[in-house]
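Residue numbers (the working numbering): 6 to 514.
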Amino acid sequence: MSKNFASTIAGASILITGIGLVSKGFGFLREIIYANNFGLQTNFDIYLIGAVLPITINTSVFYLAQNYFIPIYNKKLFQGKDHASKFLSESFWLFLILSFFLSLLLFVFSSPLIRLYLTSPSQSIYTTALTIFQIFLFTVPINACYSILSSYFQAEYNFKVPAYSTLFQNILIIVLVLLFTKSIGIFTIPIGYLLGTIAQFIYLLFSMKGRNYLAPKIIFPKPIELSNVNKTLAIIIIVEFVNQLYNIIDRYFYGSVDSGGLAALNYATVLYSLPISIISFALSTALFPRITHSFTEKDISSSKSQYLSGLQVNILLFIPITFVFIFFGETIIRLFYQRGNYSSDDTVMTFQILKWYSLSLIFYSSYAIINKVVYGAGLVNGLLKISIGIFILKIIANYYLVELYKQNGLAFSTSISYILLSISCYFLVAKNVNLKIGRKLINGAIFYFVNAGLCYIVIVLVKNYLHTTSGIGEIILSGLFIVLYAINIIIIKPSEFLILKQVLVKYTS
6 MSKNFASTIA GASILITGIG LVSKGFGFLR EIIYANNFGL QTNFDIYLIG
56 AVLPITINTS VFYLAQNYFI PIYNKKLFQG KDHASKFLSE SFWLFLILSF
106 FLSLLLFVFS SPLIRLYLTS PSQSIYTTAL TIFQIFLFTV PINACYSILS
156 SYFQAEYNFK VPAYSTLFQN ILIIVLVLLF TKSIGIFTIP IGYLLGTIAQ
206 FIYLLFSMKG RNYLAPKIIF PKPIELSNVN KTLAIIIIVE FVNQLYNIID
256 RYFYGSVDSG GLAALNYATV LYSLPISIIS FALSTALFPR ITHSFTEKDI
306 SSSKSQYLSG LQVNILLFIP ITFVFIFFGE TIIRLFYQRG NYSSDDTVMT
356 FQILKWYSLS LIFYSSYAII NKVVYGAGLV NGLLKISIGI FILKIIANYY
406 LVELYKQNGL AFSTSISYIL LSISCYFLVA KNVNLKIGRK LINGAIFYFV
456 NAGLCYIVIV LVKNYLHTTS GIGEIILSGL FIVLYAINII IIKPSEFLIL
506 KQVLVKYTS
């Protein structure tokens with residue numbers, strides 16, 4: 006591998022994707038183990054209720070740290086290394102203190118918060134949910150510190166260390182669930198999550214060359230500077246938290262869905278999120294520091310090129326994934342989940358949800374990239390209005406659709422929200438930064454959609470000719486679909502494929 010490979014956007018994306026595949030592979034293995042040990046049983050629904058708020062906070066803080074820290078850190082670097090180091094220390098302690106008091110506040114009010122989700126629960130169910138919730142609260146301040154350190158490494162173009170750190174959490178959860186489920190049951194998950202969060206923070210801390218940067222400093226920033234930073238931070242906090250509230254709202258409807266409905270939503274969400282968390286996350290993580298740098302230098306041409314390339318590659322990869330989820334999703338679910346306490350009926354329920362989610366896959370995966378451009382361009386006020394408006398729409402859609410379609414209605418309302426969120430943010434960028442790339446995107450999307458459609462027609466003809474109905478046959482056909490799609494791309498050689506090819510050549514050279 007060339008020395009400069011990891012410093013390029015595409016090269017860093019490949020690197021993060023490679024490590025992400027390993028990390029998400031462990032994460033997916035974790036979900037398979039969950040399915041085997043807990044299935045769609047009530048205790049797993051209870052775990053999801055107890056865990057949802059702390060995990061939502063942790064996820065929000067992780068993205069908040071990136072979107073707040075990296076743009077400002079880049080600006081501080083232009084002022085000098087001392088300014089950047091001071092900002093790192095300020096951010097670390099600010100996030101630690103705020104998250105500690107938030108966690109403490111939630112701990113005090115943990116009992117009424119849990120009762121909001123559980124309608125007339127038994128004492129054992131209530132106690133289980135409460136204990137899980139309180140264990141997870143211990144992870145909130147640790148995760149906040151981890152999030153700032155992870156953002157610091159990314160701002161310094163060191164993508165390896167934070168990528169490696171993500172392995173710890175899943176590995177520890179898997180080990181605890183396998184070894185201790187019989188003795189402590191569902192509590193193995195929150196305990197493993199806590200230990201994993203501690204481990205990944207320690208790994209980042211000891212990977213820093215200058216840990217003295219984190220020493221608390223008595224700093225008196227200028228009032229104007231402090232006002233601007235606090236305003237930006239407050240807006241980003243609201244945006245990131247609102248965008249993570251969908252799971253919390255869905256779990257409020259625990260009493261309106263079928264038994265095991267929340268667990269099925271979780272398993273479908275894991276499958277839906279897997280390619281996004283690997284591919285789109287890699288693209289956006291590698292893109293964000295550079296596009297922020299481009300906006301800081303007012304290099305719109307470079308910003309547009311990076312933005313367009315990211316979205317085009319994303320569409321190239323996610324159209325076939327969408328087809329696989331919609332047409333072969335049941336086979337995938339059966340292959341990975343259906344064993345132990347996870348039945349064939351559970352597979353059917355999860356697949357119906359996955360199909361509704363998949364309607365928004367291309368849009369939401371693209372949002373991961375568009376979102377970084379919004380933050381890099383400083384369009385947080387517009388993003389705040391969009392996020393709040395779509396969140397209100399999500400709540401209204403939930404109340405209407407859950408009565409008609411139960412858990413499928415919750416998935417459908419989420420898809421509607423994701424589609425509108427990505428489209429709205431695209432137009433926000435197009436209007437305010439003049440990054441108008443709609444025609445190229447639409448032409449590319451049509452081309453890849455037609456390619457995928459023709460490949461699927463071939464697969465249907467092969468299936469009818471061979472009369473294949475077995476699970477193994479379906480797996481082979483889904484693999485054949487991907488192969489046909491890839492062959493067509495290789496033959497036609499669109500620009501996105503050439504970008505990927507150049508990066509892979511550099512990677513192997």
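Beta carbons are placed, not taken as given, at the ideal position from N, Cα and C, and that holds for glycine. This one's a predicted model, so the numbers in the text were calculated from it and none came from an experiment.
Item	Value
Spatial neighbours of S212 in its chain, beta-carbon cut-off 7 Å, leaving aside the 5 residues before and after	V166
Assigned secondary structure, F330 (DSSP; H/G/I helix, E/B strand, else coil)	helix
7 Å Cβ shell around I367 - same chain, five flanking residues per side excluded	I320, F323, I324 and T327
8 Å contact criterion, which R344 and L53 should meet: CB distance rounded	20 Å between Cβ atoms; not a contact.
Inter-residue Cα distance where the pair is F97 and L183	35 Å
Proximity below 7 Å, CB of I525 to CB of L69	In this structure the chain extends from 6 to 514, so residue 525 is not present and cannot be described.
Member of Y272, L181 and I447 whose CA lies at the smallest distance from the CA of I358	Y272
Unbroken stretches of the alpha helix (DSSP H), 4 residues or longer, contained in the segment 382 to 468	385 to 410 and 412 to 438
Burial state of E408, where buried means 16 or more other Cβ atoms lie within 10 Å	exposed
Contacting residues, own chain, Cβ-Cβ under 7 Å from I254 (five flanking each side not counted)	K399, I400 and N403
Exposure label - I153; buried when at least 16 CB within 10 Å	buried
Buried versus exposed, by CB contacts within 10 Å (16 or more), A416	buried
Rounded separation between Y372 and P280 - CA only	13 Å
CA-to-CA distance, T419 to T186, given in whole angstroms	32 Å
Collapsed DSSP secondary structure at G44 in the structure displayed	coil
Alpha-carbon spacing of L459 relative to T355, whole angstroms	27 Å
Whole-angstrom C-beta distance between N346 and F43, which should lie under 8 Å	6 Å
Cα-Cα separation between T136 and I51, rounded to whole angstroms	11 Å
Nearest neighbour of Y362, chosen from S65, N413, F206 and C430 [CA to CA]	N413
As assigned by DSSP and simplified to three states, the class of K227	With a pLDDT of 48 at K227, under the threshold of 50, the modelled position of this residue cannot be trusted, and the question is left open.
Extent of the continuous alpha helix (DSSP H) run through E95	K86 to V113
Buried versus exposed call for Q128 [16 or more other C-beta atoms within 10 Å across all chains shown]	exposed
DSSP state of S232 mapped onto helix, strand, coil	A caution first: S232 carries a pLDDT of 46, below 50, which makes its placement in the model too unreliable to give a value.
S483 vs F333 beta-carbon contact at 7 Å	yes
P117, buried or exposed, once every other Cβ within 10 Å from all chains shown has been counted against 16	exposed
For L359, the three-state DSSP class (helix, strand or coil)	helix
Distance CB(L389)-CB(V262) smaller than 7 Å	no
L276 - containing alpha helix (DSSP H), residue span	G266 to P280
Sequence-distant residues of the same chain with beta carbon closer than 7 Å to F143, five excluded per side	L199
Pair within 7 Å by beta-carbon distance, L99 and A89	no
Rounded Cβ spacing between I395 and L425 (contact assumed at less than 8 Å)	5 Å
Cβ neighbour criterion (16 or more within 10 Å) applied to R444	exposed
Option nearest A450 by Cα separation, candidates K411, A435 and Q317	Q317
Extent of the continuous alpha helix (DSSP H) to which P167 belongs	K165 to I189
Reduced DSSP category for S127 - H, G, I as helix; E, B as strand; rest coil	coil
With 16 other Cβ atoms within 10 Å as the buried cut-off, status of T202	buried
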